[in-house]
Structures are given as structure tokens and as C-alpha cells.
Amino acid sequence: MSPNTEKACYASFVDSSEIRLSASPLEGTDVQALRREIAALRAELAETQKTTNQYLQNVAHQLTAPLNAIKWSIEAIKDPAVSIPRKMKLLSSIYSQGTILVHLIKNFSLMSNLETDNELGQFRNSPERVDPFRLAVNLANDFQPQAAEGGKKFDVDEPSFERILHGRKLLAVKNLVAQALSNLLENAVKYADLKTAIRVEAVNVHIVEGAKAQFGIAVRSVGLPIYGDEVKKLLNRGVRGTTAQQRIPAGTGIGLYIANRIMAIHQGTIYIQAKGKESSFTLVFPEARIK
Amino acid sequence: MSGYGVVLLVDDEPWFSEALAFTLESRGFECIIATDMSLAVAALRTHQASVVVTDIMMPAGSAFPKIDASESGFKFIEFVQKNWPGLPIVCLSVIGDQTKIDSLMDRGVRYLRKGETPLGTAVEIISAVATGRRIRL
């Protein structure tokens with residue numbers, strides 16, 4: 033950069049930031065400060081780009097891994113030497129991979145819509161009366177083949193829904209709440225210990241002591257421990273727990289973030305409790321949404 | 034005991050191992066599937082494997098708590114070559130860094146790119162490596 037160019041650049045900084053130091057003895061010091069700030073911003077930008085690239089690579093892996101597994105399963109099914117029961121097992125795996133892919137793609141497509149909806153504070157689709165128990169059962173059935181591969185099973189507690197709702201329904205955008213609950217169920221399938229039960233139940237939640245209880249759908253599982261300080265961060269975009277990353281290295285860290293955005297637009301929240309290997313993630317709805 | 038030998042498949046994505054195992058087993062191999070480095074090492078201590086087929090990015094497991102999941106496959110390969118010298122290794126993974134691939138190949142590891150290698154080709158190569166058969170692909 034020539035001295036003249038540097039001077040011109042400095043002049044533009046002076047104009048834009050209202051720094052008037054042209055004849056001041058501090059001029060050199062301020063230029064140095066601005067240069068340091070520019071260097072810091074460049075470093076920050078480089079770091080952001082690096083993180084973005086890593087994230088995109090991770091997303092690409094998440095999308096291609098199930099497709100590649102499906103390709104191999106199809107090749108194995110076409111092999112006449114592979115037995116019929118094993119072909120059936122491979123078909124079940126293809127179904128699971130399909131579920132994972134559909135779920136993942138839905139999350140990605142929801143991301144931009146949810147940002148806009150939250151900013152506008154309004155729904156894209158009209159809320160409808162949803163039966164939370166039926167929704168939980170249907171979604172649990174969808175993930176059951178995946179769960180069964182690890183000897184895990186879903187236990188949707190019907191009496192808890194009857195006891196708390198007394199036939200009332202949830203006023204919500206069904207596909208959004210389904211996606212939020214799916215994200216919790218998928219995490220439970222991924223991170224629960226082998227041969228354990230994943231319990232889905234209706235609960236009354238007292239988030240603030242003394243406040244009126246709110247309706248919640250809780251997903252409880254036994255598996256990876258979540259450390260205290262991580263609980264607060266899990267709802268942030270791209271964040272995954274330490275133990276989760278150790279067990280399953282690849283992951284996008286957007287499931288809980290999206291679920292939380294969905295709950296925010298329903299004026300609800302996600303309540304996380306963790307103790308040792310036990311954890312529960314609860315979608316909490318305001319009383320006004322129970323009709 | 035199988036007629037062709039034991040293949041140890043190490044991958045935390047069981048769907049890949051499953052399709053590979055079913056096809057190899059239909060050709061007379063016995064397959065053992067391990068989903069992390071610790072389980073793989075334990076399997077090697079109890080079985081006489083003819084070949085190890087391993088991914089790179091996978092959990093290290095409880096026996097190796099200090100190894101990061103992003104590089105556990107490399108550490109596992111080093112561990113196998115140190116403790117079971119001469120045991121053939123096939124790396125089935127997606128490695129972006131060519132220098133790392135070259136480094137593996139320099140150490141006698143066969144590299145197959147996951148997702149781009151057809152199952153039939155992978156089975157042919159693994160079978161050949163396990164049985165010491167020469168193959169030209």
C-alpha cells in the first residue's frame with residue numbers, strides 16, 4: 033500500500049467514525065489502534081469462515097452417509113448369495129436411513145423459515161388442535177426400527193396424557209411440533225444406552241417455583257451424561273455435548289436449536305434436566321395452548 | 034470358524050458394516066463388528082483376524098479416553114501395526130487430506146474411499162487382502 037493510499041484510507045475512517053485527529057499528536061496511536069482492530073476483525077472473519085467450512089463439511093457428511101449406506105444395502109440385497117432374512121434386515125436399515133435423511137432435510141428446510149417466523153412473531157401455517165398422545169405414538173413408531181437396532185424401545189405413557197389433558201388438545205402447528213418432538217426422540221435413540229427404554233410422557237412442569245404448572249411432553253432416557261454447564265448451551269445452534277461428540281463424532285448440533293425455535297414461536301420453551309446418566313428433555317407449552 | 038478367515042470391521046456407522054458383513058459372510062468369511070477403537074482392540078485380543086477394515090472418524094471408547102474421535106482411526110491403525118505387526122489393514126473412510134492418505138498407504142494400509150467404492154469392489158479387495166491373493170482393480 034502506498035503512503036498516499038494509506039492516507040486516503042485513514043481519511044475515510046476519519047469521515048465515517050467522526051474521529052478528528054488530523055493535527056493531533058495522538059494520530060499515530062489511533063491509526064495503530066484501527067489497524068489492530070482491522071487485524072482482529074480479519075482474524076475473527078477467518079475463524080468464522082473456518083467454522084462455517086467445518087460445519088458445511090459436517091452437514092455434507094450427515095447427508096451423504098445415509099445415502100451411501102443405502103447404496104451399499106441395495107447392492108447387498110441384489111447379491112443372490114445373501115440370505116432372505118438378511119435382505120429383510122437390510123431393507124429395515126434402508127427404512128431407518130430414509131427416516132434419518134427425511135428428518136435431517138426437514139430440519140434444514142425449517143431453519144430459514146423459523147428465523148423469519150420468529151422475527152415476525154407469527155406462524156406460516158395456522159395452528160390446529162393436535163392430540164399430543166397420538167402425535168407421540170406416531171413419531172415413536174417412526175423411529176422404532178432405528179431404536180430396535182440398539183435393542184432400545186419407546187414407551188409412550190398413555191395414562192399420563194389422559195391424567196393431565198382430560199381429553200383436551202394442544203393448539204399448535206402440527207408439523208412444527210412434530211419436528212420438535214422428533215428431534216428429541218432422535219437424540220434419545222442416538223444417545224440412550226443399548227437395551228434401554230425411552231419414555232415419552234405428559235408432565236406438569238413448574239419451571240419457576242410457585243408459578244402455575246405448564247403442560248409438557250417429556251422424553252426421558254438413560255445414556256450419555258450431560259454436564260451441568262453444558263445444559264445451558266445445548267439449545268444454541270451448532271452446540272453438541274462433549275460426551276455426545278465422543279460417542280457419535282459426526283453431528284450438526286441443530287436438532288435442539290430448531291426444537292427450541294419451534295417452541296419459542298409457540299410461546300413455549302424446552303426444559304432440560306440431567307442427573308448422571310438420566311436426562312429428560314421437555315417441550316413446555318403455555319396454558320393458553322391447551323384447549 | 035470360517036474357511037476364509039475373520040474380518041474385523043470397525044465403524045461407528047453400523048449400516049456400512051452390516052451390508053459389508055452380510056456380503057463377506059455370504060462368501061465364507063466370519064465378520065466381527067466393532068463400533069469404537071476400544072471394542073476393536075478387545076476383539077483383536079480375542080480373535081485371530083485375517084484383516085482389519087477400519088473407519089477413521091469414530092469414538093475411541095472407554096479404554097482410550099484421551100484420544101479424540103476425529104483421529105481415533107489413525108491412532109487405531111498405529112496401535113494395530115505396533116501390536117499386531119503384519120496384520121493387513123484396509124482403511125474405509127473419507128479422508129480429505131491427501132497427505133494423510135499417502136502416509137497411510139506408505140505404511141502399507143489399503144485406502145478405500147467410503148461412498149465412492151462400490152460394495153462389490155470393496156468385498157473383492159478385502160477378500161483378496163484377507164487371503165493374501167493378488168488383485169488388480
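So the protein lines, in turn, are chains A and B. Position one of the first sequence corresponds to residue 33 (our numbering), numbered consecutively onward. Position one of the second sequence corresponds to residue 34 (our numbering), numbered consecutively onward. Glycine included, every Cβ here is placed at the ideal spot set by N, Cα and C.
TODO: My understanding is that A:Leu-203 touches A:Arg-293, with C-beta atoms under 8 Å, so please give their C-beta distance in whole angstroms.
DONE: Along the first sequence, one-based indexing puts residue 203 of chain A at 171. Along the first sequence, one-based indexing puts residue 293 of chain A at 261. With 8 Å as the limit, A:Leu-203 and A:Arg-293 do not qualify as a contact, their Cβ atoms being about 18 Å apart.
TODO: Could you list which residues in chain B have their beta carbon closer than 7 Å to that of A:Ala-373, in chain order?
DONE: Because chain A here runs from 33 to 323, residue 373 of chain A falls outside it and cannot be looked at.
Open item on the list: Please identify the residue among A:Phe-155, A:Ile-286, A:Leu-256 whose C-alpha is closest to the C-alpha of A:Thr-274.
Closed with: In the first sequence, residue 274 of chain A corresponds to position 242, counting from 1. That would be A:Leu-256, whose Cα lies nearest to the Cα of A:Thr-274.
TODO: Please list the partners that A:Ala-282 has in chain B, where partner means a Cβ-to-Cβ separation under 8 Å.
DONE: Within the first sequence, numbered from 1, the residue matching residue 282 of chain A stands at position 250. The contacting residues are Met-90.
- [ ] Check whether the Cβ of B:Thr-154 lies closer than 7 Å to any Cβ atom in chain A.
- [x] Looking up residue 154 of chain B in the second sequence gives position 121. Not one chain A Cβ lies under 7 Å of B:Thr-154.
Task: Where the beta strand (DSSP E) through A:Ala-306 begins and ends - done: As a working note, residue 306 of chain A is residue 274 in the first sequence. Taken as a continuous stretch (DSSP letters only), the beta strand (DSSP E) holding A:Ala-306 covers 301-307.
Task: Bridge-paired residues (DSSP) for B:Ile-65 - done: Numbered from its first residue, the second sequence carries residue 65 of chain B at position 32. According to DSSP, B:Ile-65 shares a beta bridge with B:Leu-41.
- [ ] List the residues of chain B whose Cβ lies closer than 7 Å to the Cβ of A:Arg-279, in chain order.
- [x] On the first sequence, residue 279 of chain A is found 247 positions in, with the first residue counted as 1. In chain order: Pro-92.
Open item on the list: Does the contact criterion of 3 or more C-beta pairs under 8 Å hold for the stretch 122-132 of chain A versus the stretch 89-109 of chain A?
Closed with: Verdict: yes, contact present.
Task: DSSP state of A:Asn-236 mapped onto helix, strand, coil - done: On the first sequence, position 204 is the one that residue 236 of chain A refers to. A:Asn-236 falls in the strand class under three-state DSSP.
- [ ] Could you name the residues of chain B that A:Val-114 contacts, counting a contact when the two beta carbons are closer than 8 Å?
- [x] Along the first sequence, one-based indexing puts residue 114 of chain A at 82. Those within 8 Å of A:Val-114 in chain B are Phe-55, Thr-56, Ser-59.
Open item on the list: Residues of chain B with CB closer than 8 Å to the CB of A:Leu-122, please, in chain order.
Closed with: Here residue 122 of chain A corresponds to residue number 90 of the first sequence, with the count starting at 1. Here the neighbours are Glu-51, Ala-52, Phe-55.
Task: Bridge partner(s) assigned by DSSP for B:Lys-147 - done: Counting from 1 along the second sequence, the entry for residue 147 of chain B is found at position 114. The beta-bridge partner set that DSSP reports for B:Lys-147 is empty.
Open item on the list: Under 8 Å, with one C-beta from each stretch per pair, do the stretch 279-293 of chain A and the stretch 170-182 of chain A reach the 3-pair mark?
Closed with: The answer is no - the stretch 170-182 of chain A does not touch the stretch 279-293 of chain A, with fewer than three Cβ pairs under 8 Å.
Task: Proximity to A:Leu-216 [Cα-Cα], best of A:Met-143, A:Arg-200, A:Tyr-303 - done: Residue 216 of chain A sits at position 184 when you count from the first residue of the first sequence. With distances taken between CA atoms, A:Leu-216 lies nearest to A:Tyr-303 out of A:Met-143, A:Arg-200, A:Tyr-303.
Open item on the list: I believe A:Leu-288 touches A:Leu-315 by the beta-carbon criterion, under 8 Å. Please report the beta-carbon distance rounded to the nearest angstrom.
Closed with: For this step, residue 288 of chain A is matched to residue 256 along the first sequence. For this step, residue 315 of chain A is matched to residue 283 along the first sequence. Contact flag wrong, Cβ pair sits at about 11 Å.
Open item on the list: According to DSSP, is A:Gln-64 part of a helix, a strand, or is it coil?
Closed with: Mapped onto the first sequence, residue 64 of chain A falls at position 32. The answer is helix: DSSP assigns A:Gln-64 an H, G or I state.
Open item on the list: Assuming the contact rule is C-beta atoms closer than 8 Å, A:Asp-189 and A:Val-232 should be a hit. Round their C-beta distance to whole Å, please.
Closed with: Here residue 189 of chain A is taken as the residue at index 157 of the first sequence, counted from 1. Here residue 232 of chain A is taken as the residue at index 200 of the first sequence, counted from 1. 7 Å between Cβ atoms; contact.
- [ ] Would you list, in chain order, the members of the stretch 123-141 of chain B that have their beta-carbon closer than 9 Å to a beta-carbon of chain A?
- [x] Residues passing the 9 Å Cβ filter: Val-127, Gly-129.
TODO: Assign A:Phe-155 to one of three DSSP states: helix, strand, or coil.
DONE: Residue mapping note: residue 155 of chain A aligns to position 123 of the first sequence, counting from 1. Coil at A:Phe-155, not helix or strand.
Task: Extent of the continuous alpha helix (DSSP H) run through B:Ser-50 - done: Translated into positions along the second sequence, residue 50 of chain B becomes position 17. First-last of the alpha helix (DSSP H) with B:Ser-50: 47-59.
- [ ] Starting from A:Ile-294, follow the alpha helix (DSSP H) in both directions and report where the run begins and ends.
- [x] Taking the first sequence and counting its residues from 1, the one referred to as residue 294 of chain A is at position 262. 287-297 is the extent of the alpha helix (DSSP H) around A:Ile-294.
TODO: Ignore the nearest five residues each way along the sequence and tell me which others in B:Thr-68's own chain have a CB closer than 6 Å to its CB.
DONE: The sequence position of residue 68 of chain B within the second sequence is 35, counting from 1. Taking C-beta separations shorter than 6 Å and ignoring five residues to either side along the sequence, the partners of B:Thr-68 in its chain run Asp-45, following chain order.
Open item on the list: Residues in the same chain with beta-carbon distance under 8 Å from A:Glu-319, minus the five sequence neighbours each way, listed in chain order, please.
Closed with: Against the first sequence, residue 319 of chain A aligns to sequence position 287. In chain order, Lys-244, Gln-246, Phe-247 place their CB closer than 8 Å to the CB of A:Glu-319, counting only its own chain and leaving out the 5 sequence neighbours on each side.
- [ ] Scan the stretch 103-120 of chain B for residues whose Cβ lies nearer than 9 Å to a Cβ of chain A and list them as they occur along the chain.
- [x] Those would be Ser-103, Ser-105, in chain order.
Task: Stretch pair the stretch 82-92 of chain A + the stretch 306-315 of chain A: three plus CB contacts closer than 8 Å - done: Judged by Cβ distances under 8 Å, the stretch 82-92 of chain A makes no contact with the stretch 306-315 of chain A, as fewer than three pairs qualify.
Open item on the list: If we define contact as Cβ-Cβ less than 7 Å, is A:Asn-100 a contact residue for chain B?
Closed with: The residue given as residue 100 of chain A occupies position 68 in the first sequence. A:Asn-100 counts as touching chain B.
Open item on the list: If contact is defined by three or more beta carbon pairs under 8 Å, each pair taking one atom from either stretch, is the stretch 38-52 of chain B in contact with the stretch 69-84 of chain B?
Closed with: Enough Cβ pairs lie closer than 8 Å, so yes.
Open item on the list: Going by DSSP in three states, A:Glu-160 sits in which element: helix, strand or coil?
Closed with: Translated into positions along the first sequence, residue 160 of chain A becomes position 128. Three-state DSSP puts A:Glu-160 in a strand.
Open item on the list: Using CA atoms only, rank isn't needed, just tell me which of B:Phe-97, B:Glu-111, B:Ile-110, B:Ala-93 is closest to B:Ser-103.
Closed with: Numbered from 1 along the second sequence, position 70 holds the residue referred to as residue 103 of chain B. The option with the nearest alpha carbon to B:Ser-103 is B:Ala-93.
Open item on the list: If you follow the alpha helix (DSSP H) that A:Arg-279 is in, where does it begin and where does it stop?
Closed with: For the purposes of this step, residue 279 of chain A is taken as the residue at position 247 of the first sequence. 274-279 is the span of the alpha helix (DSSP H), which, as asked, contains A:Arg-279.
TODO: Taking A:Arg-118 as the query, report the chain B residues whose CB atoms sit under 7 Å from its CB, ordered along the chain.
DONE: Reading the first sequence from its first residue, position 86 is the one you call residue 118 of chain A. Chain B residues near A:Arg-118: Phe-55.
TODO: Answer with yes or no whether the minimum CB distance from B:Gly-148 to chain A is below 7 Å.
DONE: Position 115 of the second sequence holds residue 148 of chain B. Judged by the 7 Å Cβ criterion, B:Gly-148 is in contact with chain A.
TODO: Determine contact between the stretch 100-111 of chain A and the stretch 149-157 of chain A, defined as no fewer than three beta-carbon pairs at a distance below 8 Å.
DONE: The answer is no - the stretch 149-157 of chain A does not touch the stretch 100-111 of chain A, with fewer than three Cβ pairs under 8 Å.
Open item on the list: Quick check: the Cα distance between A:Thr-84 and B:Ser-50, rounded to an integer number of angstroms?
Closed with: For this step, residue 84 of chain A is matched to residue 52 along the first sequence. For this step, residue 50 of chain B is matched to residue 17 along the second sequence. In this structure, the CA atom of A:Thr-84 is about 30 Å from the CA atom of B:Ser-50.
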